[in-house]
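This report concerns only the one structure given below.
Numbering (UniProt numbering), first residue to last: 1 to 324.
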């Protein structure tokens, strides 16, 4: 009944540090090397008693820091560094889970034919795939590169310790994602963010303060533990919103590449998978629909519809402009 989560906050291979540095110094993304680094962290975490290892968003091969206008060699190389399901690199990660007897959550650029997604995988301790999901709506400029996920990927899973879910970055802020997750009731969530500078470093929407605030609010509204892997600043939040463990980017990632936290999960036994009388019940959803302002046109617009970005086209034109 004891769950020990290792929350990764070290950078992938070659990624400039500390975030949001873009000083690549002649280096670039390297999926092969990053997988080797990741396997090393999985082994290290298991040796230190972890039975669950959580990686940040897009950790394989790393979050995209580069030109957003037009095709470039740097951008096209990034597209080629995506992780393919059932590839040699993919199987190395699954084998690491099995060899070390740990569950994994990892964020990856999911290369699938002519598309790339902001993927998030959940792997059990036998190296079996529990879920591969895609970020429902990549945020801001991310959506000029990565294709959309679908609502059927918003799922909570039963694990040996309790009910767990996984979301990415700004998915913790929007009702399309949070309402459906909370409705399924989680005991713990892996809240994968890509990176975070020190708290108090003001870079607006991408500050660690904003990321941690969204994780804390999610913990309170969902009455769930939230483990937040992020390159640089990472944290763990209790269901009452208290940050029980955190580390900032200025603390060297090589000396402390992961932070750990343990839970006695015996109290999670018997957790229901829905609550007819809760704030995220079917009745609550109908109430929201009924209360939607009448003056707003009941039209779909261009933001919500599913969007795909062709890799072949992006290699010729660069990131593809949004139409809203």
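Backbone N, C-alpha and C fix where the C-beta goes; we use that ideal spot for every residue, glycine too.
Just so it is clear, the structure is predicted and the values come from calculations on it, not from any experiment.
Around residue 28, the same chain offers 14, 74 and 77 as residues with beta carbons nearer than 7 Å, after the five sequence neighbours per side are excluded. Taking 8 Å as the upper bound for CB-CB distance, residue 236 and residue 261 are in contact here, some 5 Å apart. Per DSSP, reduced to three states, the secondary structure at residue 190 is strand. Residue 112 is bridged by DSSP to 115. Out of 163, 180 and 281, the CA that lies nearest to the CA of residue 271 is found in 163.
Rounded to whole angstroms, residue 292 and residue 298 show a C-alpha spacing of 10 Å.
Residue 120 is classed as buried because its beta carbon has at least 16 other beta carbons within 10 Å across all chains shown. Counted as a single uninterrupted DSSP element, the beta strand (DSSP E) harbouring residue 245 occupies residues 243-247. Taking residue 302 as reference, the option from 128, 321 and 284 with the minimal CA-CA separation is 321.
The region 31-43 makes no contact with the region 268-287, as fewer than three CB pairs between them are under 8 Å. Residue pairing by DSSP places residue 157 opposite 164 in a beta bridge. Boundaries of the beta strand (DSSP E) harbouring residue 131: 129-134, taken from the DSSP string.
According to the DSSP assignment, residue 235 belongs to the beta strand (DSSP E) that extends over 234-237. Take residue 126, set aside five residues on each side of it, and the residues of its chain with a beta-carbon closer than 8 Å to its own are 97 and 98, in chain order. Leaving aside the five residues that flank residue 264 on each side, the residues in its chain whose CB is nearer than 7 Å to its CB run, in chain order, 1 and 2.
The Cβ-Cβ distance between residue 319 and residue 144 falls below 7 Å.
When DSSP states are grouped into helix, strand and coil, residue 47 belongs to the helix group.
Closest in alpha carbon position to residue 231, among 155, 256, 132 and 111, is 256. Take the alpha-carbon of residue 179 and the one of residue 280: they are about 6 Å apart.
A Cβ-Cβ contact shorter than 7 Å links residue 193 with residue 169. Rounded to the nearest whole angstrom, the C-alpha separation of residue 93 and residue 282 is 38 Å.
Beyond the five residues adjoining it in sequence on each side, residue 229 comes within less than 6 Å, by CB distance, of 7, 8, 54, 55, 56 and 192 in the same chain, given in chain order.
Non-local C-beta neighbours of residue 51 in its own chain, meaning closer than 6 Å and more than five positions away in sequence, comprise 4 and 102, ordered along the chain. For residue 139, the CB contacts under 8 Å within the same chain, skipping 5 residues up- and downstream, are 169 and 170 in chain order. Within the same chain, 70 and 71 come within 8 Å of residue 317 by CB-CB distance, once the 5 residues on both sides are set aside.
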